[in-house]
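J.: If you're matching positions, the sequence shown starts at 176 in the numbering used here and goes up one per residue. Heads up, the beta-carbon is just placed ideally off N, CA and C, and yes, glycines get one too.
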Amino acid sequence: MPYPSSVTVVEVGPRDGFQSIQPWIDTETKVTVCRMLLDAGVPLLECTSFISPKAIPQMKDAQEVAQALLAQPGYRDRLYALVGNKKGVDRAADTGISQITMVISASPAHNQSNVNKLPAQSLEELCAAAQAYPDLHIKLDLATAFGCPFQGEVSMKEITFVLDGVVAAGIRDICLCDTIGVAMPEQVKGLFYALQTRYSQKDVLWSAHFHNTRGMAMANTLAAMEVGVQRFETAVAGLGGCPFAPGASGNMATEDLVYFLNEAGISSGIQLDRVLATAEYITGKVGCCRDSKINAVTAQKIFPRT
Ligand code: COA
Ligand code: ZN
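(1) CA-CA distance, residue 330 and residue 290?
(2) Determine the DSSP secondary structure at residue 300, reduced to helix, strand or coil.
(3) Quick check on this structure: which residue in 429, 196 and 446 has the alpha carbon closest to the alpha carbon of residue 468?
(4) Report yes if the C-beta of residue 380 is less than 7 Å from at least one heavy atom of ligand 1; otherwise report no.
(5) Do the stretch 352-359 and the stretch 383-399 touch if we need at least three Cβ pairs shorter than 8 Å?
(6) Is the stretch 447-457 touching the stretch 204-216, taking contact as three or more C-beta pairs under 8 Å?
(7) Counting along the chain, where does the alpha helix (DSSP H) carrying residue 464 start and finish?
(8) According to DSSP, is residue 250 part of a helix, a strand, or is it coil?
(9) Quick one: which unbroken beta strand (DSSP E) runs of 3-plus residues sit fully inside the stretch 225-277? Chain order, please.
(10) With a cut-off of 8 Å on the beta carbons, I'd call residue 404 and residue 212 a contact; round off their distance for me.
(11) Ligand 2: which residues have Cβ under 7 Å from any of its heavy atoms, chain order?
(12) Going along the chain, which unbroken runs of the beta strand (DSSP E) with 3 or more residues stay wholly within the stretch 200-228?
(13) I need the straight-line Cα distance from residue 218 to residue 314, nearest angstrom please.
(14) Just list the alpha helix (DSSP H) runs in the stretch 325-391, keeping only unbroken ones of 4 residues or longer that don't cross its boundaries, in chain order.
See below:
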């Protein structure tokens, strides 16, 4: 299959990126980064997570961040917030946000480490949330879909155990996450193909979320595009990593993906120079490293083609 003519980028830097940064990032800076990315044309953005502030203190201002963005006309339908349990769903819904991401790991060991529950218990909470908030759009982030830091390989049985339950609950927005950056392109194609086939009657909107821990995120992105995936979660400046997955590091950098999309003639609606400016702003402000190739090209980031 050829590459798609357009791709939807879901920016997760303000959630996946900021959650792994230790020094406090003030709320105003977080909101500014979200605005800069939305105004750069990022169509969808995960702005925060409603998880326990004891688990990740950096996310303790989730309500303030979400409310500041929701107050701005035109942003509401473009925002997601991540949750890990029913309490998080309630907190998110209270702000008036219309889209949430519930994270469940395919690997029982990582789910236990991340949200202190077995996948079956998380599924129960997701079903309860879907029933309690029928108007809330719920996306599933299936963490450790390609490998787990605790148990190694994750079986198809573990993956479909969660996905069968999620699809039965009516969820159709599903993202396969390579939480620790161990996926390989053939594995990516194989897993997406198997799941697209299994749920072919369900009209699922598939997306992918690759960490670049071993330098495979771009290759995996292209592999996913080859099997028809058109939606990718990336983080500005290549920030990111789950604090409850040992060895996890940054996401596929948004600017690297947008550079590729532009060069390949695939539309995303995102202005690369404005994403680069956001990466510059946040890394300067927070003092964190960038993990992106295009940002490391200093003078002429865009190669002029005739
Ligand atoms: N928001 C705020 N507080 C929450 C909460 C939420 N979503 N869920 C639980 N809490 C609070 C409880 O109120 C309780 O507070 P208390 O000690 O003051 O009474 C405390 O956290 C423990 O609650 P409990 O239900 O027993 O949770 P737990 O200890 O089993 O921890 C999670 C489970 C989900 C709260 C915790 O593991 C978590 O937030 N993990 C975050 C995972 C994450 O963000 N990973 C990165 C993204 S993939
Ligand atoms: Zn991630």
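T.: Let me lay it out:
(1) On the sequence shown, position 155 is the one that residue 330 refers to. On the sequence shown, position 115 is the one that residue 290 refers to. Cα atoms of residue 330 and residue 290: separation of roughly 20 Å, rounded to the nearest angstrom.
(2) Here residue 300 refers to the residue found at position 125 when the sequence shown is read from its first residue. Looking at residue 300 - three-state DSSP - the assignment turns out to be helix.
(3) Residue mapping note: residue 468 aligns to position 293 of the sequence shown, counting from 1. Proximity to residue 468 across 429, 196 and 446 peaks at 429, based on C-alpha coordinates.
(4) Residue mapping note: residue 380 aligns to position 205 of the sequence shown, counting from 1. Flag unset: Cβ of residue 380 not near ligand 1.
(5) In short, these stretches touch, since the Cβ pair count reaches three.
(6) Taking 8 Å as the limit for Cβ pairs, the verdict is that the stretch 204-216 does touch the stretch 447-457.
(7) Translated into the one-based positions of the sequence shown, residue 464 becomes position 289. No alpha helix (DSSP H) contains residue 464, which DSSP labels as neither H nor E.
(8) Numbered from 1 along the sequence shown, position 75 holds the residue referred to as residue 250. If DSSP states are grouped into helix, strand and coil, residue 250 belongs with coil.
(9) Within the stretch 225-277, the runs of beta strand (DSSP E) at least 3 residues long that lie entirely inside it are, in chain order, 254-258.
(10) What you label residue 404 is simply residue 229 of the sequence shown in a count that begins at 1. What you label residue 212 is simply residue 37 of the sequence shown in a count that begins at 1. Wrong, their Cβ atoms sit about 21 Å apart, outside the cutoff.
(11) In chain order, the qualifying residues are 187, 191, 352, 354, 384, 386, 415, 416, 417 and 426.
(12) Counting whole runs of 3 or more residues, the stretch 200-228 contains the beta strand (DSSP E) stretches 219-225.
(13) Taking the first residue of the sequence shown as position 1, residue 218 is located at position 43. Taking the first residue of the sequence shown as position 1, residue 314 is located at position 139. Rounded to the nearest whole angstrom, the C-alpha separation of residue 218 and residue 314 is 15 Å.
(14) When DSSP assignments are scanned along the stretch 325-391, the uninterrupted stretches of alpha helix (DSSP H) that are 4 or more residues long and fall wholly within it turn out to be 331-343 and 360-373.
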